[in-house]
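Under the working numbering, the first residue of the sequence shown is numbered 32, with each subsequent residue one higher.
Think of the CB as a built atom: it goes at the ideal place given N, C-alpha and C, for glycine as much as any other residue.
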Amino acid sequence: MLYRFLTQPKRIPSKVFNYLDNTIARFTLQRSAQARYIPAIEQSFREVEAKSQAKFGGWSLSKSAIYTLCRHLLTKTTTPVLIELGSGQSTLFWDAFAKNANLPLRVITFEHNPRWAEHVKNLLTPQTQIEMVLLPLWQIQAQDKEQLFADRAHALEIWQAKQHTVPLAEYDNTRIPNAFYAVTPDCVPPAHSVDAIIVDGPNGSGRSLAYPLLFSALKAQSLVLIDDFDHYPFVPDLARLYPFKPLMERTHTPKHWVLLELQPTPRKEF
Ligand SMILES: C[S@@+](CC[C@H](N)C(=O)[O-])C[C@H]1O[C@@H](n2cnc3c(N)ncnc32)[C@H](O)[C@@H]1O
Numbered sequence: 032m033l034y035r036f037l038t039q040p041k042r043i044p045s046k047v048f049n050y051l052d053n054t055i056a057r058f059t060l061q062r063s064a065q066a067r068y069i070p071a072i073e074q075s076f077r078e079v080e081a082k083s084q085a086k087f088g089g090w091s092l093s094k095s096a097i098y099t100l101c102r103h104l105l106t107k108t109t110t111p112v113l114i115e116l117g118s119g120q121s122t123l124f125w126d127a128f129a130k131n132a133n134l135p136l137r138v139i140t141f142e143h144n145p146r147w148a149e150h151v152k153n154l155l156t157p158q159t160q161i162e163m164v165l166l167p168l169w170q171i172q173a174q175d176k177e178q179l180f181a182d183r184a185h186a187l188e189i190w191q192a193k194q195h196t197v198p199l200a201e202y203d204n205t206r207i208p209n210a211f212y213a214v215t216p217d218c219v220p221p222a223h224s225v226d227a228i229i230v231d232g233p234n235g236s237g238r239s240l241a242y243p244l245l246f247s248a249l250k251a252q253s254l255v256l257i258d259d260f261d262h263y264p265f266v267p268d269l270a271r272l273y274p275f276k277p278l279m280e281r282t283h284t285p286k287h288w289v290l291l292e293l294q295p296t297p298r299k300e301f
């Protein structure tokens, strides 16, 4: 309600609004059992902004999304394993946070752009626990995406058989359709080993391909953070394959994101 009131019609500038949103997320974390992580989170924000010379938000996840994900994730486990689709400021955050919170946080980051991957890698700490998986982009036709969603058990085979390689010149195209990292079975982490996934790459509409291709790696009640979730039907696509419960949604801030929790699949009665 408050968000709706303040943002209609532009009662306060977006910079102030982002600040308020981050403050509310921090305050909610402060009141939770995970409040002890706040100093490490804030130290990590400071370190990352200083070394990258870039702010959170914009291309990267917002601080409010990170506070909220940390609150839920660290309630579930103190040995988190994360998959991150799309690297950048957020990758540097996880790297710094693992060090500052002295947490055995494992992060597998998928990235398609070799120049960007190199830039991010150069800013990681020497003791980093980030595993950067640099893969080219593949693309499929809309009807092949449908087949992949309809036959999830064979999704990786269909993906490999139907793909064509995206030319490098298209790597920065933010509206590229149905493109995803060139994952093969050996790139998929072991089944039910991952606590959360951040869906923030690659560019365009293809992020939904993560669901049939990578979600076998997720634990039954994993967290799914989808940035810019309303740019394409990322949430309806997820609903086609997995039941989930919404935990938090931000649409009244300049940066839209949603945090979901997968739910156990109901057993089929025969
Ligand atoms: C939405 S960004 C991912 C951002 C990352 N998860 C973060 O929070 O910083 C998706 C892709 O855009 C590219 N990218 C990231 N930051 C960028 C920037 N500042 N300028 C241009 N491209 C960027 C990278 O190839 C990345 O995988």
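Let me check you understand the geometry: is the CB of Asp52 closer than 7 Å to at least one non-hydrogen atom of ligand 1?
No, the beta carbon of Asp52 sits no closer than 7 Å to any heavy atom of ligand 1.
Taking 7 Å as the cut-off, does the CB of His143 come closer than this to any heavy atom belonging to ligand 1? yes
Identity of the residues DSSP links to Trp169 by a beta bridge = According to DSSP, which records beta bridges pairwise, Trp169 is partnered with Thr196 and Phe211.
State the DSSP-derived secondary structure class of Thr296, mapped to helix, strand or coil. coil
Quiz prompt | CA-to-CA distance, Phe87 to Lys94, given in whole angstroms | solution = If I take the Cα positions, the gap works out to 6 Å.
query = Taking the alpha-carbon positions, what's the Asp259 to Trp288 distance?
reply = 5 Å
Can you say whether Lys176 is buried or exposed, counting buried as having 16 or more other CB atoms within 10 angstroms of its CB?
buried
**Prompt:** Going along the chain, which residues put their C-beta within less than 5 Å of some heavy atom in ligand 1?
**Reply:** Trp90, Ser91, Leu92, Gly117, Gly119, Gln120, Ser121, Asn144, Trp147, Asp231 and Gly232
Short of 6 Å in beta carbon distance, which residues of its chain neighbour Ser118, apart from the five on each side in sequence? Order them along the chain.
Once the five neighbours on either side are set aside, the close Cβ partners of Ser118 are Thr140, Glu142 and Val151.
>> Quick check on Ser63: does DSSP put it in helix, strand or coil?
In response: coil
Which residues DSSP lists as bridging Trp288, in chain order: Asp258 and Arg281
*asked:* Bridge partners for Arg137 per DSSP, in chain order?
replied: Val112
Sequence-distant residues of its chain with Cβ nearer than 7 Å to Pro243 (five each side left out)
Leu179, Phe180, Arg183, Ala186 and Leu272
### Task
Name, in chain order, the residues that DSSP records as bridge partners for Ala227.
Leu113 and Leu254
* **Burial state of Lys130, where buried means 16 or more other Cβ atoms lie within 10 Å** => buried
Candidates Leu165, Arg102, Thr109 and Val79: which alpha carbon is nearest Trp125's?
Val79
Rank Ser75, Thr99, Ala56 and Ser63 by C-alpha distance to the C-alpha of Leu254 and give the top, closest one. Closest by C-alpha distance to Leu254, out of Ser75, Thr99, Ala56 and Ser63, is Thr99.
Return the first residue and the last residue of the alpha helix (DSSP H) that His79 is part of.
Checking the displayed sequence, the identity of residue 79 turns out to be Val instead of His. Looking at the DSSP string, the run of the alpha helix (DSSP H) that includes Val79 is Ile69 to Ser83.
Counting pairs of Cβ atoms below 8 Å between the stretch 197-217 and the stretch 229-249, do you hit three or more?
-> yes
Take Glu162 and list the residues in its own chain whose beta-carbon comes closer than 6 Å to its own, dropping the five residues that flank it on each side.
Ile139
*asked:* Taking the alpha helix (DSSP H) that Gln160 belongs to, which residues open and close that run?
replied: Where Gln160 is concerned, there is no enclosing alpha helix (DSSP H), because DSSP gives it neither an H nor an E.
Determine the closest residue to Asp203 out of Asn133, Leu104 and Pro145, with distance taken between C-alpha atoms.
Comparing Cα-Cα distances from Asp203 to each of Asn133, Leu104 and Pro145, the minimum goes to Pro145.
(message) Buried or exposed, going by whether 16 or more other CB atoms sit within 10 Å of the CB of Asn49?
(response) Buried.
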